[in-house]
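Numbering (this note's numbering), first residue to last: 249 to 526.
All residues carry an ideal CB built from backbone N, CA and C; glycine is no exception.
Beneath this line is the structure, given in structure tokens, with notes to follow.
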Amino acid sequence: MDQEPFHWRTAIGYKTRDKIVVRGYDLNELTGNVSFAEMAYLVWRGELPPANHGRMLDAILVSMAEHAFSPSSAASRFVASGGVPLHVGVAGGMLALGSLHGTADRPAELFRGAVDRMERERITLEEAARRVAGEARGGGQRLPGFHHPQHVQDPRTARLLGIADELRISNTYVAVARAIEAATEEFWGRRIYLNGPGTVGAICLDMGFDTELIKGVFLLSRTVSLVAHTYEEAHREKGWRGSANAPIVQPLDLSLQRPEFYDGPRDRALPRARQRGA
């Protein structure tokens, strides 16, 4: 039986010995003529963005690029302290981006669900938002995209929403995010504010991104931070984060690993039946 040789198929790009083509455009024509944000948009979605979408994506990538110490940057630093190459430290930080950190896709799913519910149940956007907030509160669930453990009001939110409004990008999903935030006052007794990743989720939905690509937007942006934290850890610290002579107590210092900080089983002998030669 004749078999076709294996090959990848892709709509993203191709290359020859003399040419690289991305989504139909010669890479050299793109180089110097489009921004990195516009290039990312093209690679992800297949077309160059409208001018306002390109500016918005650029603003998002800047806003999410660095957030000081967080689970991902701390993870990159711990991995880097073992003396690994740069990319390994970055990968370690990436693996810390989960459902509670670096998630713009989960709030996007929440907002999409609220809009679907509005259309399905033929209710107003405000009522759909109220039901989403009320059910989360009643079920003791988190509202993805709202509240931040290090901020009362995430300082990135107002800036990004202001740019989205100015560029006429804000639409149904930004509106539902704002409505859910307003509805939290009724059920929590205080306002639970939209955070940065939640804002990114709403804005990206209004730009037509699907939720998986919204996760990719955050990953691309935060890679900038993880490279910096990995590099700095490798070049400024001695490794292991455990020097007893450091001016501050380090996370791996033995003073933080004393028996009083251990709450597992008491010291015990291996059962005789398990001992070799017994």
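- The beta carbon of Leu-305 sits closer than 6 Å to the beta carbons of Ala-285 and Tyr-289 from its chain, once the five residues preceding and following it are set aside; these are given in chain order.
- It is roughly 46 Å from the alpha-carbon of Val-332 to the alpha-carbon of Asp-364.
- Between Leu-474 and Gly-341, the C-beta spacing is below 8 Å.
- Sorting Tyr-441, Arg-439, Gly-437 and Lys-463 by C-alpha distance to the C-alpha of Gly-449 places Lys-463 at the top.
- Within the same chain, and ignoring the five residues on either side of Ala-381 in sequence, the residues whose Cβ sits closer than 6 Å to its Cβ are Ile-428, Ala-431, Thr-432 and Phe-435.
- In this structure, DSSP gives Phe-466 a helical state, which the three-state scheme calls helix.
- Between Asp-402 and Gly-444, the CB-CB gap stays under 8 Å.
- Note on Leu-348: under 16 other CB atoms within 10 angstroms of its CB, so exposed under the neighbour-count rule.
- For the pair Gly-393 and Arg-426, the CB atoms are not nearer than the 8 Å cut-off.
- Note: His-399 is bridge-paired with His-396 in the DSSP secondary-structure output.
- Between the alpha carbons of Arg-470 and Ser-318 lies a gap of roughly 11 Å.
- The count of Cβ pairs closer than 8 Å, one atom from the region 253-273 and one from the region 410-424, stays below three, leaving the stretches out of contact.
- Ranked by how close their Cα comes to the Cα of Ala-322, the residues Tyr-510, Tyr-479 and Thr-351 have Tyr-479 in first place.
- Distances from the CA of Arg-484 to each of Gly-387, His-315, Arg-325 and Pro-298 were compared; the closest alpha carbon is that of Arg-325.
- Within the model, the alpha-carbon separation for Arg-360 versus Tyr-441 is close to 18 Å.
- Rounded to the nearest angstrom, the gap between the Cα atoms of Pro-297 and Arg-404 is 23 Å.
- Here DSSP, grouped into helix, strand and coil, assigns Leu-442 to strand.
- Between Ala-376 and Ala-362, the C-beta spacing is below 8 Å.
- In summary, Asp-454 is buried, with 16 or more beta-carbon neighbours lying within 10 Å of its beta-carbon over all protein chains present.
- For His-396 and Asp-458, the gap between their C-alpha atoms comes out near 24 Å.
- Taking the CA atoms as reference points, Arg-516 sits about 14 Å from Tyr-510.
- A residue is called buried once 16 or more other Cβ atoms fall within 10 Å of its Cβ, and Ala-384 is buried on that count.
- If you look at Ile-308, you'll find it in the alpha helix (DSSP H) that goes 299-311.
- Secondary structure note for Gly-261: its beta strand (DSSP E) is the uninterrupted segment 261-263.
- Assignment of beta-bridge partners to Val-270 by DSSP yields Gly-261 and Tyr-273.
- In this structure Glu-481 is buried. Its beta-carbon is surrounded by 16 or more other beta-carbon atoms within 10 angstroms.
- Under the three-state reduction of DSSP output, Gly-331 falls in the coil class, being neither helix nor strand.
- Here Gly-487 is near Ser-329, since their CB atoms are less than 8 Å apart.
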